[in-house]
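Taking it in order: structure first as structure tokens, then the write-up.
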Amino acid sequence: MSWKGLVEQDLSKLDVTKLHPLSPEVISRQATINIGTIGHVAHGKSTVVKAISGVQTVRFKNELERNITIKLGYANAKIYKCEDEKCPRLMCYKAYGSGKEDSLMFDVPGFENRRMKLLRHVSFVDCPGHDIHMATMLNGAAIIDGALLLITANKSCPQPQTPEH
1 MSWKGLVEQD
11 LSKLDVTKLH
21 PLSPEVISRQ
31 ATINIGTIGH
41 VAHGKSTVVK
51 AISGVQTVRF
61 KNELERNITI
71 KLGYANAKIY
81 KCEDEKCPRL
91 MCYKAYGSGK
101 EDSLMFDVPG
111 FENRRMKLLR
121 HVSFVDCPGH
131 DIHMATMLNG
141 AAIIDGALLL
151 ITANKSCPQP
161 QTPEH
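Per the UniProt record's numbering, the sequence shown starts with residue 1, numbered consecutively.
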């Protein structure tokens, strides 16, 4: 580890031909996959991004007043896994904002003295769900590697904008 808990990058020893999107030297500092959150308006796209990354992607006054995403929102998250093989599978993964160190202590009871290993550094593109903002969503699609289609559980499916995504 080096400055601020990130993997050390000694350029005199670094073989750039062996770097790939999951290399610790790469994911330590840069998200290597872009995931879009898509779906009907008010189905929880921004809420899911905030729960994973800790970043509120709805930032503009008119978005906050109307409680909808109008412009593309961006947030990065680092995804970690407990290094202890005995850690329960459903609890061994944690996500934090991209400002966290690469190696953290686990905070699940019974596994407090275990380390977590950085697995992925992900960038989320929070897309608008309302049909009048579909052009904005399509612009965001140019940089998206994959997508999460979010559908609320308390309404019938599909809602009007769901098939458009």
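C-beta atoms are modelled at their ideal positions from N, C-alpha and C, and glycine is treated no differently.
Problem - Pairwise C-alpha distance: Leu148 and Ile33 - result: Whole-angstrom Cα-Cα distance: 13 angstroms.
Problem - Between the CA atoms of Ile144 and Pro109 - distance to the nearest angstrom - result: Each residue's Cα considered, the two are about 36 angstroms apart.
Practice task
On the DSSP bridge assignment, give the partners of His121 in chain order.
Solution key: Answer is Lys78, bridged to His121.
Handout entry: C-alpha distance - Cys92 paired with Leu72, whole-angstrom precision
Key = A straight line joining the alpha-carbon of Cys92 with that of Leu72 spans about 31 angstroms.
Exercise for the section: Could you check the C-alpha separation between Phe111 and Gln159 for me, to the nearest Å? Expected result: For the pair Phe111 and Gln159, the Cα-to-Cα distance works out to about 42 angstroms.
Handout entry: Per-residue burial, Gly99 [other beta carbons within 10 Å of its own, 16 or more giving buried]
Key = Classification for Gly99: exposed.
Practice task
Give the straight-line distance between the Cα atoms of His40 and Ala77, rounded to the nearest whole angstrom.
Solution key: Per the coordinates, the alpha-carbon of His40 lies some 23 angstroms from the alpha-carbon of Ala77.
Handout entry: For residue 171, three-class secondary structure by DSSP
Key = For residue 171 there is no data in the structure shown, the boundaries of the chain being 1 and 165.
Handout entry: Glu101 versus Gly5 - alpha carbon distance
Key = Rounded to the nearest angstrom, the two C-alpha atoms are 5 angstroms apart.
Handout entry: Chain-order list of residues whose beta-carbon lies under 8 angstroms from that of Arg120 (same chain, five-residue window excluded)
Key = Excluding sequence neighbours, Arg120 sits near Leu22, Ile27, Thr32, Ile33, Lys78, Ile79.
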